[in-house]
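Participant:
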Amino acid sequence: MTPETAPWVRTRLRAAPGAAVALAVLVAVTAFLAAAFPRTLDRYADAGLRRAVERAPADVTGVQVSAAPDPGADARAAEDSLRPRRLAADHRSVLGAVERPLVVDEEQSSYGVRVTDGLPSPEKWLPRPDGLPAEMVLAAPQGLDGHARLRSGRLPRVPGGRADASTTRVEAAVTEETARTLHVKVGSVVHVVGDRELTVRVTGILTPERPDGAYWSVAPVLRTPSLRRVPGPAGAPSPTYWVGGLLLAPEAGPALLGSAPVARYWHLAPDPDALHSRDLDPLASAVASLESGPALRRLHATTGPQTEATTGLDDVLTTYGRLDDDIGPLVSVAASGSGTVAAVVLLMAGGLAAGRRRAELALLRARGASVAGLAGRLLAETAVVAVPAGALGLGAALLTLPGARLLPALWAAVAVTAVACLALPLRATAAHRRVRVHDGRRDAAAPRASRRRTVAELTVVVLALGAVETLRRRGAANGAGDLVAMAPVLVGVIAALVLVRLYPLPLRGLARPARRLRGAVGPLALARAGRTSASTVLPLLALLTAFTVAAFGGSVLSGVADARDRAALLAVGADARVEAAEPLPSGLPRRLGRVPGVREVTEAGVDWLARTPDGRQSLPLAGVDPGAYAALAGRTNLGAFPEGRLTRPDGAGSGSGSGSGSGSAEAVLPALASPAVAERFGDRAFRLRLADGNTATLRIVLVRDRTPAVYGDDFLVVDRAGLPTGSVPPNVLLLTGDGLDAGALHRAADDVGTVHLRSEQRDTYVDSPLQSGAERIYTAAVAAGAGYAALALLLSLASAAPERAALLARLRTMGLTRAQGRRLLVLESLPQALPAALGGVLTGWAAVRLLSPGIDLTTIAMSTTASPVGRAELRADPWWLAVPAVTVLVLAVGVAALQAWWSGRRGAVTELRAGDAR
Numbered sequence: 032m033t034p035e036t037a038p039w040v041r042t043r044l045r046a047a048p049g050a051a052v053a054l055a056v057l058v059a060v061t062a063f064l065a066a067a068f069p070r071t072l073d074r075y076a077d078a079g080l081r082r083a084v085e086r087a088p089a090d091v092t093g094v095q096v097s098a099a100p101d102p103g104a105d106a107r108a109a110e111d112s113l114r115p116r117r118l119a120a121d122h123r124s125v126l127g128a129v130e131r132p133l134v135v136d137e138e139q140s141s142y143g144v145r146v147t148d149g150l151p152s153p154e155k156w157l158p159r160p161d162g163l164p165a166e167m168v169l170a171a172p173q174g175l176d177g178h179a180r181l182r183s184g185r186l187p188r189v190p191g192g193r194a195d196a197s198t199t200r201v202e203a204a205v206t207e208e209t210a211r212t213l214h215v216k217v218g219s220v221v222h223v224v225g226d227r228e229l230t231v232r233v234t235g236i237l238t239p240e241r242p243d244g245a246y247w248s249v250a251p252v253l254r255t256p257s258l259r260r261v262p263g264p265a266g267a268p269s270p271t272y273w274v275g276g277l278l279l280a281p282e283a284g285p286a287l288l289g290s291a292p293v294a295r296y297w298h299l300a301p302d303p304d305a306l307h308s309r310d311l312d313p314l315a316s317a318v319a320s321l322e323s324g325p326a327l328r329r330l331h332a333t334t335g336p337q338t339e340a341t342t343g344l345d346d347v348l349t350t351y352g353r354l355d356d357d358i359g360p361l362v363s364v365a366a367s368g369s370g371t372v373a374a375v376v377l378l379m380a381g382g383l384a385a386g387r388r389r390a391e392l393a394l395l396r397a398r399g400a401s402v403a404g405l406a407g408r409l410l411a412e413t414a415v416v417a418v419p420a421g422a423l424g425l426g427a428a429l430l431t432l433p434g435a436r437l438l439p440a441l442w443a444a445v446a447v448t449a450v451a452c453l454a455l456p457l458r459a460t461a462a463h464r465r466v467r468v469h470d471g472r473r474d475a476a477a478p479r480a481s482r483r484r485t486v487a488e489l490t491v492v493v494l495a496l497g498a499v500e501t502l503r504r505r506g507a508a509n510g511a512g513d514l515v516a517m518a519p520v521l522v523g524v525i526a527a528l529v530l531v532r533l534y535p536l537p538l539r540g541l542a543r544p545a546r547r548l549r550g551a552v553g554p555l556a557l558a559r560a561g562r563t564s565a566s567t568v569l570p571l572l573a574l575l576t577a578f579t580v581a582a583f584g585g586s587v588l589s590g591v592a593d594a595r596d597r598a599a600l601l602a603v604g605a606d607a608r609v610e611a612a613e614p615l616p617s618g619l620p621r622r623l624g625r626v627p628g629v630r631e632v633t634e635a636g637v638d639w640l641a642r643t644p645d646g647r648q649s650l651p652l653a654g655v656d657p658g659a660y661a662a663l664a665g666r667t668n669l670g671a672f673p674e675g676r677l678t679r680p681d682g683a684g685s686g687s688g689s690g691s692g693s694g695s696a697e698a699v700l701p702a703l704a705s706p707a708v709a710e711r712f713g714d715r716a717f718r719l720r721l722a723d724g725n726t727a728t729l730r731i732v733l734v735r736d737r738t739p740a741v742y743g744d745d746f747l748v749v750d751r752a753g754l755p756t757g758s759v760p761p762n763v764l765l766l767t768g769d770g771l772d773a774g775a776l777h778r779a780a781d782d783v784g785t786v787h788l789r790s791e792q793r794d795t796y797v798d799s800p801l802q803s804g805a806e807r808i809y810t811a812a813v814a815a816g817a818g819y820a821a822l823a824l825l826l827s828l829a830s831a832a833p834e835r836a837a838l839l840a841r842l843r844t845m846g847l848t849r850a851q852g853r854r855l856l857v858l859e860s861l862p863q864a865l866p867a868a869l870g871g872v873l874t875g876w877a878a879v880r881l882l883s884p885g886i887d888l889t890t891i892a893m894s895t896t897a898s899p900v901g902r903a904e905l906r907a908d909p910w911w912l913a914v915p916a917v918t919v920l921v922l923a924v925g926v927a928a929l930q931a932w933w934s935g936r937r938g939a940v941t942e943l944r945a946g947d948a949r
């Protein structure tokens, strides 16, 4: 009878179900996060690109193709080219010339025939603001009935059913906005004069469907009349005239030939849902091909040699591409750092499993198991757990985040699963290359590292230092994106290898003096903490990399927030601002002061029309109360100054008035000025003509870059009491406070002025989903990295837990109390946790300091390269340095105390068994 052999994998899973479940959960969560990252980034990037295209004007993002009639064609051929059948065929040719991945939204695209310029109409009943005749743009769009509904009348038709160049009477429809503005009614007759007069009878008034869509927005004059000015010299008055649109029947295109130059047009609107950030370069190539490439040559062959294509879509793509390029390296920092910490945790999990099964694997090797056979068995039992878990994590990511690429997520999940599967076999193979009958003590360390390890560590440190210096010199925007992504890993590797080599040295030095202390707890803790091995590199690398990612990410988030707050403060001047063109009511400051959250209300009168006596220069002038305004400038840090320097001198007042507005033109008032104004006038006295005709004499005594009341590079601030009476009444109120309610402020203002809130202004700087998405991804990556770092610390402590438990059991047999046992484990953990925490703080600080010259946060903070606060720099945030360090200390001490308490509950007999090598 042949004995049955139990399958290895089933036996192992039944023997340790808890470990298998823990590994499955770890792999599933890690695979989910790894697969979710590229899909989340894709979704945010695609949403940002679509937002950029949708927010740009339709005449900018659309591709406008136009073709004038062939000058060599006869009249009949020219007429035929403007008929609906030929236009439809040409429209199909134009659509066919568009190259992927650019996709046209056919529903919002339009084509037809139109005159190239507006034609004047002699009708007296049309509005004439300055006596000039209105002009009408005539167009024969195709598909008009599908993009508008009749409000009154009927759609235009061609009398006789066919139009040609000799037709002089046509019918047209107008939109309701055109009818209302230009006083057009059903039955109105409009004569337009070009090369010959054309009589247009209005038969219907239309209401556009989706008036903000591309069909009506590419040529908005066909939907909404435009009031235009006659070009003239700068500063000279320019008369205005109206320009409106007349929508002819689709068959009426040939009738326009004899009246004015005409052109066939195709307005191609891009489909926003088909735009993907990953296709930026192919999209740019497709647009360039239409403008001046192979696609345009094909159009010349089908629609005529006069065909031209213009668009601003390429500029929109270029602008968005710069935003994507600037944000991408910053996001990759978080991804690479968190990914490294997660990989370290997977490797440590495999190492922990190999350590727990050390005796089992050594016995198998001693009984003849080959290294390859042993690795294969371990790989099989790990793959049975890890592969389904990885597939589960991938599937969860695909279901949670639809509408993104599959391959990046798939490769990320495969990489996680592969690391999880290979960690245990590789670690076991490295530990059991040779057959050993008995292993030495696990807590013993070699007195000196091998030369091979020393050379390898020195090589890694030198390469990492070189990469960091290269990144510092080149910056993040000069092709160093991969180095930026690896920055936390590089700095963490350097710090981990240096700390592992250095921190045992002082501990070993303190161990000898510690022997003179009373009791054995202190010396024993120092002696044990001073023993180190290569296995401590991985947890230390995980902790330091997580520290660096947290410090870097926190600095990025706080730098972005600070830049937006500062820019919003410069734009508003305080926490809130109420301003009006006319003087504000005298009781308004009291009403606003009673709004919850308002602490101070500062009045200012701003004359935006103040000029130098020659009238050539306009200088905004703010009249303020020096005391209140100086306090506001100090609180907001916008050009703080001593109030006494701006107070009007004695005798500057005139008449019997005192206080606000009792000054005279002869008194020289001290003024605060911007650097540009100070450079223009120097320290001499000069006159300023105010908007009401009065004058004031000023002398600049203070120069500041910014001031709360006036935004811009040119401003003057003076004591309002020294100005002529009533010249600059208060028209600006600057409010400071916390938690200001916009609704309450609007109700208190009672529509007498415009209310601006700093918080609302701050929100305007986030105008792309890519910006907000990058911040959320960064926050999530930092949180994930911190979680994996904590797990790495726990795994590191768990790997030494059996040996520590056995040590406590032996010491308890020698008389060690439970309190001393807890103190021993806590003291033993501190020399390792404290250097890791301090090293993490220094690593994070050093990473920010090293990389800040090459990192510009302006784009992610302001969505543009120009910022009112200048370059948004990366600065170390103390909170993001201190909190992770304290967390590591608390976690390490807490776990050690918990382990001591748990070991104390178990008896020494449970831990000490005959033959146990612990």
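For the sequence shown, the residue numbers in the numbering used here are 32 to 949.
We put the CB at the ideal spot given by N, CA and C, even for glycine.
As the structure is a prediction and not an experimental result, all values here were calculated from the model.
1. Secondary structure at W273, three-state DSSP: helix, strand or coil?
2. Rounded to the nearest angstrom, what separates L650 and L905 at their Cα positions?
3. Where do the ends of the beta strand (DSSP E) carrying G728 lie?
4. Candidates P160, R107, V135, A78: which alpha carbon is nearest A89's?
5. Please state if the CB of L392 and the CB of H463 are separated by a distance shorter than 7 Å.
6. Do the stretch 757 to 764 and the stretch 632 to 641 touch if we need at least three Cβ pairs shorter than 8 Å?
7. Do V201 and A286 come within 7 Å of each other at the CB atom, strictly closer than that value?
8. Between which two residues does the alpha helix (DSSP H) holding G191 run?
9. Taking the straight line between their C-alpha atoms, what separation do you get for V603 and R730?
10. Kindly indicate the opening and closing residues of the beta strand (DSSP E) around W297.
11. Leaving out five residues before and five after R630 in sequence, what residues of the same chain have Cβ atoms less than 7 Å from its Cβ?
12. So, with DSSP's three-state summary, where would you put L929?
13. Please state whether DSSP places H222 in a helix, a strand or coil.
14. Does DSSP put H178 in a helix, a strand or coil?
15. What residues in its chain sit with their C-beta under 7 Å from that of R41, if we drop five residues either side in the sequence?
16. Among the residues of its own chain, which have a CB less than 8 Å from the CB of D302, if the five just before and after it don't count?
17. I'd like to know whether the C-beta atoms of R679 and L663 end up nearer to each other than 7 Å.
18. Looking at the secondary structure, which residues open and close the beta strand (DSSP E) in which Q95 lies?
19. Buried or exposed: where does W910 fall if 16 or more other Cβ atoms within 10 Å of its Cβ makes it buried?
20. Going by other Cβ atoms of all chains shown within 10 Å of its Cβ, with 16 needed for buried, is E806 buried or exposed?
21. Taking the straight line between their C-alpha atoms, what separation do you get for A916 and A868?
22. Comparing alpha-carbon positions, which option in D310, L64, L299 lies nearest G818?
23. Run the CB neighbour count on V261, radius 10 Å, all protein chains shown included, and call it buried at 16 or more, exposed below.
24. Are F672 and A659 touching if we call contact CB-CB under 7 Å?
25. Please list, in chain order, all residues of the same chain as G244 whose beta carbon is under 7 Å from its beta carbon, the five residues on each side excluded.
26. Name the one or two DSSP bridge partners that S257 has.
27. Please report the straight-line C-alpha distance between E488 and V450, rounded to a whole angstrom.
28. Any idea what DSSP makes of D638, helix, strand or coil?
29. What number of angstroms, rounded off, separates the C-alpha of A332 from the C-alpha of A422?
30. Within 10 Å of its beta-carbon, does G192 have 16 or more other beta-carbons around it, so buried, or fewer, so exposed?
31. Taking just the CA atoms, how far does S617 sit from G690?
32. With A923 and A836 assumed to form a contact (beta carbons below 8 Å), what rounded beta-carbon distance in angstroms separates them?
33. Mark P281 as exposed unless 16 or more other C-beta atoms lie within 10 angstroms of its C-beta, in which case mark it buried.
34. What is the DSSP secondary structure of S320, reduced to helix, strand or coil?
35. Tell me whether S367 is buried or exposed, calling it buried when 16 or more other Cβ atoms sit within 10 Å of its Cβ.
36. Skipping 5 residues on each side, what residues in its chain have a beta carbon closer than 6 Å to that of A892?
Facilitator: From the atom records:
1. Taking the first residue of the sequence shown as 1, we reach residue 273 at position 242. If DSSP states are grouped into helix, strand and coil, W273 belongs with the strands.
2. Residue mapping note: residue 650 aligns to position 619 of the sequence shown, counting from 1. Residue mapping note: residue 905 aligns to position 874 of the sequence shown, counting from 1. When rounded, the distance between both Cα atoms is 36 Å.
3. Here residue 728 corresponds to residue number 697 of the sequence shown, with the count starting at 1. Strictly speaking, residue 728 in this sequence is Thr, with Gly absent from that position. It spans 726 to 734 - the beta strand (DSSP E) in which T728 sits, taken as one unbroken run.
4. Along the sequence shown, one-based indexing puts residue 89 at 58. Nearest of P160, R107, V135, A78 to A89, Cα basis: V135.
5. By 1-based counting over the sequence shown, the position of residue 463 is 432. By 1-based counting over the sequence shown, the position of residue 392 is 361. Cβ distance < 7 Å, so H463 and L392 count as in contact.
6. yes
7. Stepping through the sequence shown from its first residue, residue 286 is reached at position 255. Stepping through the sequence shown from its first residue, residue 201 is reached at position 170. Taking 7 Å as the Cβ cut-off, A286 and V201 qualify as a contacting pair.
8. In the sequence shown, counting from the first residue as 1, residue 191 sits at position 160. Segment: none, G191 is in no alpha helix (DSSP H) and carries neither H nor E.
9. Within the sequence shown, residue 603 is the residue found at index 572, counting from 1. Within the sequence shown, residue 730 is the residue found at index 699, counting from 1. In a straight line, the C-alpha of V603 is about 27 Å away from that of R730.
10. Locating residue 297 in the sequence shown gives position 266, where the first residue counts as 1. Looking at the DSSP string, the run of the beta strand (DSSP E) that includes W297 is 293 to 299.
11. The residue you call residue 630 lines up with position 599 of the sequence shown. Taken in chain order, the residues that qualify are T767, G768.
12. Counted from its first residue, the sequence shown places residue 929 at position 898. Of the three classes helix, strand and coil, the one that applies to L929 here is helix, per DSSP.
13. Counting from one through the sequence shown, the residue named residue 222 turns up at place 191. DSSP places H222 in strand when its eight states are reduced to three.
14. Against the sequence shown, residue 178 aligns to sequence position 147. The answer is coil: DSSP assigns H178 none of H, G, I, E or B.
15. In the sequence shown, the residue the question calls residue 41 occupies position 10. No residues qualify anywhere along the chain.
16. Looking up residue 302 in the sequence shown gives position 271. Only V134, V135, D136 meet the Cβ criterion.
17. Locating residue 679 in the sequence shown gives position 648, where the first residue counts as 1. Locating residue 663 in the sequence shown gives position 632, where the first residue counts as 1. Going by C-beta atoms, R679 is not nearer than 7 Å to L663.
18. Here residue 95 refers to the residue found at position 64 when the sequence shown is read from its first residue. Element bounds for Q95: 94 to 98.
19. As a position in the sequence shown, residue 910 is number 879, starting the count at 1. Looking at its Cβ environment, which holds fewer than 16 other Cβ atoms inside 10 Å, W910 is exposed.
20. Stepping through the sequence shown from its first residue, residue 806 is reached at position 775. Buried, by the Cβ-count rule.
21. Numbered from its first residue, the sequence shown carries residue 916 at position 885. Numbered from its first residue, the sequence shown carries residue 868 at position 837. When rounded, the distance between both Cα atoms is 5 Å.
22. The count along the sequence shown starts at 1 and reaches residue 818 at position 787. The shortest C-alpha separation from G818 is found at L64.
23. Start at 1 with the first residue of the sequence shown, and residue 261 comes out as number 230. With fewer than 16 other Cβ atoms within 10 Å, it is exposed.
24. Numbered from its first residue, the sequence shown carries residue 672 at position 641. Numbered from its first residue, the sequence shown carries residue 659 at position 628. No. Outside cutoff.
25. Sequence index remark: in the sequence shown, residue 244 carries index 213 (1-based). Closer than 7 Å at Cβ, skipping near neighbours: Q139.
26. Position 226 of the sequence shown, counting from 1, holds the residue named residue 257. Answer is V274.
27. For the purposes of this step, residue 488 is taken as residue 457 along the sequence shown, with counting starting at 1. For the purposes of this step, residue 450 is taken as residue 419 along the sequence shown, with counting starting at 1. Each residue's alpha carbon lies about 22 Å from the other.
28. On the sequence shown, residue 638 is found 607 positions in, with the first residue counted as 1. In the structure shown, D638 sits in a strand (DSSP, three-state: E or B).
29. To locate residue 332, count along the sequence shown from 1; it is residue 301. To locate residue 422, count along the sequence shown from 1; it is residue 391. So the two alpha carbons sit approximately 53 Å from each other.
30. On the sequence shown, residue 192 is found 161 positions in, with the first residue counted as 1. Exposed, by the Cβ-count rule.
31. As a working note, residue 690 is residue 659 in the sequence shown. As a working note, residue 617 is residue 586 in the sequence shown. Confidence in G690 is poor, its pLDDT being 39 and thus under 50, which makes the residue's placement too unreliable to answer from.
32. For the purposes of this step, residue 923 is taken as the residue at position 892 of the sequence shown. For the purposes of this step, residue 836 is taken as the residue at position 805 of the sequence shown. That pair is no contact at about 17 Å.
33. Here the question's residue 281 lines up with position 250 in the sequence shown. Classification for P281: buried.
34. Start at 1 with the first residue of the sequence shown, and residue 320 comes out as number 289. Looking at S320 - three-state DSSP - the assignment turns out to be helix.
35. Position 336 of the sequence shown holds residue 367. Result: buried.
36. Here residue 892 is taken as the residue at index 861 of the sequence shown, counted from 1. V591, A594, R595, A903, listed in sequence order.
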